[in-house]
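Structure record follows, encoded as structure tokens.
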Amino acid sequence: MTKYRQYFQKMLSDNQEIFASFRLLHDNYALDQEKWQEEFNLKGEKILEIVREYENRLCANTERGMYNKFSANLAEKFQNEVRKHFPMIDYIGVKTKPNNLSSTDIFAIKRIKLN
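The opening residue of the sequence shown carries number 6 in the numbering used here; numbering runs sequentially from there.
The structure is reproduced here in structure tokens:
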């Protein structure tokens, strides 16, 4: 098993309860984003902190050594592994507003006067 997958599994096992409750919230959010957006943002902040902490642990060892140029790729692979299990994680922190514009306000072409 690769190092980033080991750290991902360690992150899940060390924080089992938090990620189990987030999994339910994540699945509910995927079904109805408007209803769950606020709670998803609040609980998602804690999840993002944990993900960043484990990403920093993973990359800290490579940044100091002779493999420091591979650190960015390693972080990206770790983030992709997180996205594979939680595809909506990038929507944490998104603020939604109701759309108050009519269809004519959205698309309007101004006339140009040619003399």
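Glycine residues also receive a C-beta, built at the ideal position from the N, C-alpha and C atoms.
Beta-carbon contacts of residue i that lie in its chain and below 8 Å, excluding the five residues immediately before and after
i, result
"A80", "E60, L63 and C64"
"I117", "none"
"T67", "N73, F75, S76 and L79"
"S26", "K48"
Where residue i falls, given that 16 or more other Cβ within 10 Å makes a residue buried
i, result
"V99", "exposed"
"H90", "exposed"
"M16", "buried"
Supposed contact pair residue j and residue i - C-beta distance, whole angstroms, cut 8 Å
i, j, result
"V87", "I97", "Not confirmed; about 11 Å, so no contact."
"E39", "T101", "7 Å"
Contact check, residue i vs residue j, beta carbons under 8 Å
i, j, result
"K48", "L30", "yes"
"K82", "Y12", "no"
"F45", "Y34", "yes"
"N78", "I55", "no"
Sequence-distant residues of its chain with Cβ nearer than 6 Å to residue i (five each side left out)
i, result
"I52", "F27"
"Q42", "T101"
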